[in-house]
Amino acid sequence: MRFLASLVIFSILILPACQKDQRPDFLNGSWQAYRYERADSAALEDYLSQIQLDIVLPNHYHFSSTLDYEEAGTFRLSDQYFLVTDTTREPRQEKRMRIRALTSDTLILDMMENGEDRTLNMRKVYSPNPPE
Numbered sequence: 016m017r018f019l020a021s022l023v024i025f026s027i028l029i030l031p032a033c034q035k036d037q038r039p040d041f042l043n044g045s046w047q048a049y050r051y052e053r054a055d056s057a058a059l060e061d062y063l064s065q066i067q068l069d070i071v072l073p074n075h076y077h078f079s080s081t082l083d084y085e086e087a088g089t090f091r092l093s094d095q096y097f098l099v100t101d102t103t104r105e106p107r108q109e110k111r112m113r114i115r116a117l118t119s120d121t122l123i124l125d126m127m128e129n130g131e132d133r134t135l136n137m138r139k140v141y142s143p144n145p146p147e
């Protein structure tokens, strides 16, 4: 119980400070999944190498996943949200994911899929931006 209380306090005090460091230019590049969490704890560990997100600034993305699933289109940022619109399918609908963390090499997205909470952790595998 003490550990849980410490974790909650850490989250309240530290994580908002980390969020301030988010920079949209950090998104630019190719990202690959290294962890995928679902509310029911089932994981897709065997297939993570197939989940990739490519971001090209100012507002284009391409997403590929398991079973040859692909989508591409435009994105925008709004507060801590990453909003994407797949322009390859009709009807076009905007999907919303919360950016939990964004650094030069890590992207963590929280989302809802089929009424279930999901978290996708990704690491940058290619960056067109030189390191600072």
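Residue 16 is where the sequence shown starts when you use my numbering, and the numbers rise one by one after that. C-beta: ideal position from N, C-alpha, C; glycine also. Predicted model, so just to flag it, every value in this text is computed and none were measured.
Query	Result
Taking the CB atoms as reference points, tell me whether I70 and L42 lie closer together than 8 Å.	yes
How should D36 be labelled, buried or exposed, when 16 other C-beta atoms within 10 angstroms of its C-beta is the threshold for buried?	Only weak support exists for where D36 lies, its pLDDT of 46 falling under 50; the value from the coordinates is given anyway. When all chains shown are included, D36 counts as exposed.
Applying the criterion that 16 or more other CB atoms from any shown protein chain within 10 Å of the CB defines a buried residue, is M137 buried or exposed?	buried
So is Y141 buried or exposed if we call it buried at 16+ other beta carbons inside 10 Å?	exposed
I'd like to check one pair, D125 with M112: are the Cβ atoms closer than 8 Å?	yes
For the beta strand (DSSP E) containing Q67, list its first residue and its last residue.	67-71
Quick one, are the C-beta atoms of L82 and R91 less than 8 Å apart?	no
Just reading off the beta strand (DSSP E) that S79 is part of, what are its end residues?	75-79
Short check: CB of T89 to CB of H77, under 8 Å?	no
Within 10 angstroms of the Cβ of L72, are there 16 or more other Cβ atoms? Answer buried if so, exposed if not.	exposed
Assign E85 to one of three DSSP states: helix, strand, or coil.	strand
Tell me the DSSP bridge mates of S45?	D69, Y141
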